Every structure is written in C-alpha cells, then in structure tokens.
Amino acid sequence: MTAQSDLSVQVGTANVFADLGHADPDTHLLKAQLVARMIDVMAERKLTQVAAAKAFGVSQPDVSRILEGQFRDVPLEGLTRMLARVR
C-alpha cells in the first residue's frame, strides 16, 4: 500500500469552525475575523502588545491571550468595542 492510497481529501466549507463541529461556528468565525483585524491594526501602527492594550482599552495579558487564539470567552461586542476604539 502506498502512502498516497491512504490519503483522503474532504472539501470544507468557508467556515472551518463549522467543519470542525464547534458550537456556534458563525460567531466564532466572526470573532476570528475581528481578531485578524486587530492583528492588522497592530501591524499597521507598529503597536506593541502594551501599546495595543492601551489603544484597545484592555490589559496586555488580555491582548496576548486573544492573539494566541484564546478568545472564546470574549464577547463579540467586546472585540467590536476594542476595534472601535482604534478607528
């Protein structure tokens, strides 16, 4: 048996969180998109996590946790509010 015959490919949807069976995948995808925008803002403005925390109105450990992908417990409104503060 070759390695190639052991492979199978499954085409996913536009929402990886739905594909993985996460609860409330649409909200999680939106949160991930907002976090990606936060990363873009930080890069555009050359903000450190400390400076970004001040701009977003949260603590540096919160910024670090969010950037590491641990934002499931952060309300959608909270992420939206953080981005609104830097516009």
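When we follow my numbering, the leftmost residue of the sequence shown carries the number 51, and every step to the right adds one. No residue lacks a Cβ here, since even glycine has one placed at the ideal position from N, Cα and C. Being a predicted model, the structure only gives us computed values, none of them experimental.
Query: Beta-carbon contacts of Gln83 that lie in its chain and below 7 Å, excluding the five residues immediately before and after; Result: none
Query: N-terminal and C-terminal residue of the alpha helix (DSSP H) that Arg131 is part of; Result: Leu126 to Arg135
Query: DSSP three-state assignment for His72, whether helix, strand or coil; Result: coil
Query: Segments of 4+ residues assigned as alpha helix (DSSP H) that fall wholly inside the segment 84–109; Result: 99–106
Query: Leu70 versus Lys81 - alpha carbon distance; Result: 16 Å
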